[in-house]
């Protein structure tokens, strides 16, 4: 996996759109600070931005499964407690990668990995964990999600220097499936969100999707960025809670 390069897989149908693994840029958002979202981290591959991630304890970070696919732990690190991906905060190596055993790059199902860090995070106002929704959590039909990251500000555009935030409304799986048709399946491990001109984008993969102050999802995939006809798709934490518990023991 190359850092900051748009990753795509061509779906089977001839002439179909490309599934973009959303690498970490917020479209239609605003600049914010890490103190507002201290659970956000940048996942680095040989020191370069690869994806986002989420602090869930001093020793564990959640990211997307496709962010770690085929990547050795020794080549990865996380930067915590910084507004930027290039300096500041703490840089901590990754000791172990626990990718969901059912992750499938062709369907993007079970798109989650848990990183065990080489040493604990020193908590501070800019580096703190976020709680996870329980396995029985139901997303409200009128939910609005907070999504943060350092992904491109426009599809195929440049990366921002500062952390970005955007608010995106929930879209039901049924509506989302209609948008994607037969190209991709919106599984029970996924949910969608969409708003005109607002989305996560290249570079935001693995970043947090938050509602009610808890981690609801992980930025996963979509066709392009902020395209009105294609919602953003996110890994559903409530359906993946057992996997998190098995790895972290909490």
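In mature numbering (1 follows the signal peptide of the UniProt record, and there is no 0), the protein residues as written are -15 to -1, 1 to 235.
Every residue gets a Cβ at the ideal spot worked out from N, C-alpha and C, and that includes glycine.
- Is there contact between the region 122 to 129 and the region 61 to 81, where contact requires at least three CB pairs shorter than 8 Å? By the Cβ test, the region 122 to 129 is not in contact with the region 61 to 81, since fewer than three Cβ pairs between them sit closer than 8 Å.
- Query: Nearest to residue 98 by CA position, among 52, 152, 221, is which residue?
  - Reply: The shortest CA-to-CA distance from residue 98 to any of 52, 152, 221 is the one to 52.
- Residue environment, residue 68, which counts as buried when at least 16 other CB atoms sit within 10 Å: When all chains shown are included, residue 68 counts as buried.
- Unbroken beta strand (DSSP E) run spanning residue 156, endpoints: That run of the beta strand (DSSP E) goes 149 to 156.
- Query: For residue 14, is the classification buried or exposed, using 16 other Cβ atoms within 10 angstroms of its Cβ as the cut-off for buried?
  - Reply: With 16 or more neighbouring CB atoms inside 10 Å of its own CB, residue 14 falls in the buried class.
- Message: Can you list, in chain order, the residues of its chain with a C-beta nearer than 8 Å to that of residue 32? Leave out the 5 residues immediately preceding and following it.
- Response: The beta carbon of residue 32 is closer than 8 Å to those of 62 in its chain, skipping five residues each way along the sequence.
- Could you give the distance in angstroms between the alpha-carbon of residue 228 and the alpha-carbon of residue 214? When the Cα atoms are used, residue 228 and residue 214 turn out to be separated by approximately 32 Å.
- Message: How far does the beta strand (DSSP E) with residue 229 in it extend, from its first residue to its last?
- Response: For residue 229, no beta strand (DSSP E) segment is defined; the enclosing uninterrupted segment is the alpha helix (DSSP H) at 222 to 233.
- Message: At the level of alpha carbons, what is the spacing between residue 128 and residue 71?
- Response: So the two alpha carbons sit approximately 33 Å from each other.
- Query: Counting Cβ pairs closer than 8 Å, one from the region 84 to 101 and one from the region 162 to 179, do we hit at least three?
  - Reply: Counting C-beta pairs closer than 8 Å gives three or more between the region 84 to 101 and the region 162 to 179, which meets the contact rule.
- Item | CA nearest to the CA of residue 38, picked from 155, 232, 66 | Considering only alpha carbons, the answer is 66.
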